[in-house]
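Worksheet for the structure shown next.
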Amino acid sequence: MDLSSFITSLTTSFIIFVILMILFAWLSAKPGNQVVYYPNRILKGMDPWEGSRSKTRNPFAWIREALSSTEQQVIDLSGLDSAVYFVFLSTVFGILLLSGLLLVPILLPISITEDNPGLVDSTGKNAFDDLDKLSMAHLKEKGNRLWASVIACYWVSLVTYYFLWKAYKHVSDLRAAALMSPEVRAEQFAVLVRDIPPSTEGYSKKEQVDAYFKHIYPETFYKSMVVTENNEVKKIYEEFDTCKKKLARAEIIYAESKKGPNSEGVRLTHKTGLLGLVGKKVDSIDYYNEKIRELTPKLEVAQNKTLKDKQQGAAVVFFTSRVTAAAAAQSAHARMIDTWTVIDAPEPRQILWTNLPKTFYEREIRQYVVYFIVFMTICFYMIPIAIISAFTTLPNLRKLLPFLKPVLDITSVRTVLGAYLPQIALIVFLALLPKFLLFLSKAEGIPSESHAERATSGKYFYFSVFNVFIGVTIGGTLFDSAKAIQKNPDSITEMLATSLPGSATFFLTFVALKFFVGYGLELSRIVPLIIFHLKRKYLCKTEGDVKEAWYPSDLGYATKIPNDMLILTITLSYCVIAPLIIPFGAVYFGLGWLVFRNQVLNVYVPKYESYGKMWPHMHVRILASLLLFQVTMVGYFGVKKFLFTPVIIPLPILTLIFGFVCSKKFYRFFQSTALEVASHELKETPNMEIVYKSFLPPCLDAHKSDGEQQFEEDV
887 MDLSSFITSL
897 TTSFIIFVIL
907 MILFAWLSAK
917 PGNQVVYYPN
927 RILKGMDPWE
937 GSRSKTRNPF
947 AWIREALSST
957 EQQVIDLSGL
967 DSAVYFVFLS
977 TVFGILLLSG
987 LLLVPILLPI
997 SITEDNPGLV
1007 DSTGKNAFDD
1017 LDKLSMAHLK
1027 EKGNRLWASV
1037 IACYWVSLVT
1047 YYFLWKAYKH
1057 VSDLRAAALM
1067 SPEVRAEQFA
1077 VLVRDIPPST
1087 EGYSKKEQVD
1097 AYFKHIYPET
1107 FYKSMVVTEN
1117 NEVKKIYEEF
1127 DTCKKKLARA
1137 EIIYAESKKG
1147 PNSEGVRLTH
1157 KTGLLGLVGK
1167 KVDSIDYYNE
1177 KIRELTPKLE
1187 VAQNKTLKDK
1197 QQGAAVVFFT
1207 SRVTAAAAAQ
1217 SAHARMIDTW
1227 TVIDAPEPRQ
1237 ILWTNLPKTF
1247 YEREIRQYVV
1257 YFIVFMTICF
1267 YMIPIAIISA
1277 FTTLPNLRKL
1287 LPFLKPVLDI
1297 TSVRTVLGAY
1307 LPQIALIVFL
1317 ALLPKFLLFL
1327 SKAEGIPSES
1337 HAERATSGKY
1347 FYFSVFNVFI
1357 GVTIGGTLFD
1367 SAKAIQKNPD
1377 SITEMLATSL
1387 PGSATFFLTF
1397 VALKFFVGYG
1407 LELSRIVPLI
1417 IFHLKRKYLC
1427 KTEGDVKEAW
1437 YPSDLGYATK
1447 IPNDMLILTI
1457 TLSYCVIAPL
1467 IIPFGAVYFG
1477 LGWLVFRNQV
1487 LNVYVPKYES
1497 YGKMWPHMHV
1507 RILASLLLFQ
1517 VTMVGYFGVK
1527 KFLFTPVIIP
1537 LPILTLIFGF
1547 VCSKKFYRFF
1557 QSTALEVASH
1567 ELKETPNMEI
1577 VYKSFLPPCL
1587 DAHKSDGEQQ
1597 FEEDV
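Its first residue numbered 887, the sequence shown is counted upward by one per residue in this note's numbering.
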């Protein structure tokens, strides 16, 4: 990439960002769009602009509101997990800002003023003239100026340790405060029990579980809920629930039609065949009433059969004391690891019920199989990503696709493609992966949605690092220098090292594209706005339809955090080699804090609460990024033939020690609830029946049946 393409990329990205900000300020002020820009507040019964000093909008109003918001407001509106995400953003921003205050004003002048007339600038992919003069590539081999880079490595590492320790302690305090809350939370009075052994003949699973836990906890045991195989009853329930919704919709439309000129109204009709397009035409109200009458007894029979005959080897056990529940989740209940496995219960809304009955050995086998598939996926994706990074550069496009030469010879087209094509191709390619990784994580037998998203986040992070960071750097170099490497295989190490400053240019524009265009689209919500208005105009007939059309999603930690981690890994790895990348990384996380502060307070609705369990995974991956940076620098100093390279070697060791100490000091509390936290008093005695019912699957709670009555009996 030449200098003009680089400047074009930054300029056009910034212009797009400004345009999107103006669109956001204009569109969000219109009353008809409030459900798109303020759904979180609306769902909580708040005024969209509550807390705002002015009822008028301007391009900077959202910045003032985001900056003035408090951490407690974030927790109240969007939960602790959202607040922890902002701890992550502010921590990384602090690391980059404090590191940049030393590195940028010191390393850049040292590099650019180096007298090195014999140096030949790298001509690797994406390098533009004079970039090497702003990086370590311009420093002489064995030169004394390399000591400044050594000091910079230690400075970045120490700053990272300081901010991470401070953040871990803060998140631990936030988690403790949330778990000590006097509010009754159902999951704090329950545990998940898996690997229930076969019951004695004549005893049901429920009787076995009740007897076992009542014997161990005679004073605080309340009752158990054995997990059942619900496929059949769930299918009937979903059909029943769909008929109820469609009946309600038909009745509302009929009632609305009576308000027009025709006082008798118009009854809705539909066809009973595929998608309502073929088959017999029927009156919708009569049809759905009849279907509900048919399904009601069928559902009750299926519920009874499920509760009596389809009990499986897992259960949710309830206690009247949250201290007992916390203690039970941390205790060994059997001599063998493959029986009576007891863990903390997650929120009812995030339990993956179909995974609970999977046995210990089944989960172990599934986990290793999934790890192998992920490993193969990483290896498989490395090839196409390396090809994309090399193939999408303009010289290679001209060489490999000669029929495009007339188009690529147009100056404006060449400039725009040179600025954006590689980055857009990479972003689109990565967007295809997250759903597949989430599917694999759930296939492991993981018991909760939050745990599955944490596992997905980890897989996606390592995939991104190996395939994007390493793949782009190594793949592009190998592609560009294949002939030279064939002639002299021993030169590959030096070529890879000299390609690092050139690759920094690609990542500079990649980061800029992510925060300017990405954050602009995030804040302006153009795509959700268009989809909502199209649905409202052509598909929505009732208020329920309209609400369903605008109802927001959650933040999407499974993909959001790995993407942020990739930017952090890139920035840290290049912060000493090419310090110019630090301001770009700092802007990414600083602007991200502002944008997502607005989105979390106004837009996104969390689908679960894990009380900050994502933080240890963020912490470990920040350390992994730091470790990669330190190892990269050891190698780069070696290529520079710096005699004192061993001075850097203690840094990776320090990082491993720091991670070990943090894990020993903090991580246990994120695995399970500390008893001193659980022992805090509640403001009211919990209604255990409400606690119990909150875990009951909807398909078993639609109608009271004999089987359910038996299922709920106190022991």
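Quick reminder that beta carbons are idealized off the backbone N, C-alpha and C, glycines included. The structure displayed is predicted, hence computed values, not measured ones.
In this chain, A1200 is not harboured by any alpha helix (DSSP H); it is covered by the beta strand (DSSP E) spanning Q1197 to F1205. Less than 8 Å separates the beta-carbon of L1060 from that of V970. Membership of F1107 in the beta strand (DSSP E) is indicated by the continuous run F1107 to T1114. The DSSP assignment places complete alpha helix (DSSP H) segments of no fewer than 4 residues inside the region 1054-1105 at 1091-1102, in order along the chain.
If you keep only unbroken alpha helix (DSSP H) runs of at least 4 residues inside the region 1564-1589, you get 1574-1580 and 1584-1587. With a threshold of 16 other beta carbon atoms within 10 Å, E1118 falls short and is exposed.
Among the bridge pairs identified by DSSP, I1229 is matched with L1078. Between V1079 and L1415, the CB-CB gap reaches or exceeds 8 Å. In this structure, the CA atom of Y1108 is about 49 Å from the CA atom of G1476.
In this structure Y1460 touches F1393 by the C-beta definition: roughly 7 Å separates them, less than 8 Å. Annotation note: the region 1454-1503 contains the following uninterrupted alpha helix (DSSP H) runs of length 4 or greater, listed N- to C-terminal: 1467-1488.
Counting every other CB atom within 10 Å of its CB across the protein chains shown gives A1134 a total below 16, marking it as exposed. Around the beta-carbon of K1569, fewer than 16 other beta-carbon atoms lie within 10 Å, marking it exposed. Just so you know, the alpha carbons of L1044 and A1398 end up roughly 27 Å apart. Between T1046 and I981, the CB-CB gap stays under 8 Å. Taking C-beta atoms as the reference points, D1230 and Y1247 fail to come closer than 8 Å. For K1328, the enclosing alpha helix (DSSP H) begins and ends at P1320 to A1329.
Relative to V1520, the option among V1563, Y1040 and V1228 whose CA is nearest is Y1040.
Beyond the five residues adjoining it in sequence on each side, V1413 comes within less than 8 Å, by CB distance, of L1407 in the same chain, given in chain order.
Here G986 is buried, its C-beta having at least 16 other C-beta atoms within 10 Å. Between the C-alpha atoms of N1573 and A1211 there is a straight-line separation of about 16 Å. A direct Cα-to-Cα measurement between Y1474 and L975 gives close to 10 Å. When the alpha-carbon of G1430 is set against those of E1137, A952 and V1113, the nearest one is in E1137. Listed in chain order, the non-local C-beta contacts of A1341 below 8 Å within the same chain comprise S1327, E1330 and I1332, local neighbours out to five positions each way being set aside. Spatial neighbours of K1427 in its own chain (CB-CB distance under 8 Å, excluding positions within 5 residues in sequence) are listed in chain order as R1135, I1138 and I1139. Residue range K1167 to D1169 is occupied by the beta strand (DSSP E) that includes D1169. Taking S899 as the centre and dropping the five residues before and after it, the same chain places the C-beta of A1398, L1399, F1402 and V1403 closer than 7 Å to its C-beta, in chain order. Of the candidates F1396, I1576, P1492 and T1455, P1492 places its Cα closest to the Cα of L1441. Cβ contact annotation for D1081 (same chain, cutoff 7 Å, sequence separation greater than five): G1199, D1224, T1225, W1226, T1227, T1245 and F1246, in chain order. Separation of I1037 and T1263 (C-alpha to C-alpha, rounded to the nearest whole angstrom) is 38 Å.
As DSSP reads the structure, I996 sits in no beta bridge.
If you ignore the 5 residues before and after Y1174, its C-beta comes within less than 6 Å of the C-beta of C1129, K1132 and L1133, all in its own chain and listed in chain order. DSSP assignment within the region 1509-1574 yields the following whole alpha helix (DSSP H) runs of 4 residues or more, N-terminal first: 1536-1548, 1554-1557 and 1561-1564.
Put simply, of S1410, K1421 and F1261 the residue whose alpha carbon is nearest the alpha carbon of G1344 is F1261. By a beta-carbon distance limit of 8 Å, I1447 does not contact F1355. Their separation comes to about 16 Å. L1319 places its beta carbon less than 8 Å from that of F1349.
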